[in-house]
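Reviewing the structure listed below.
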Amino acid sequence: IPNQTGTDHALRPQGSLARSGERPAATGDYEAWTPE
Numbered sequence: 013i014p015n016q017t018g019t020d021h022a023l024r025p026q027g028s029l030a031r032s033g034e035r036p037a038a039t040g041d042y043e044a045w046t047p048e
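Taking the working numbering, I'd label the letters of the sequence shown as residues 13 to 48.
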């Protein structure tokens, strides 16, 4: 099998921007760190 990178047959895992062009929805459980 030839290398499929960069083709329409390349592996695009779930959440990949190359798959749908949209980011998955955020879960809302992230808390940013801020220094004291």
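Even glycine gets a Cβ: it sits at the ideal position worked out from N, Cα and C. All figures in this text were calculated on a predicted structure; none of them were measured in a lab.
Under the three-state DSSP convention, the category residue i falls into
i          : result
residue 30 : helix
Sequence-distant residues of its chain with Cβ nearer than 8 Å to residue i (five each side left out)
i          : result
residue 25 : 31
residue 13 : none
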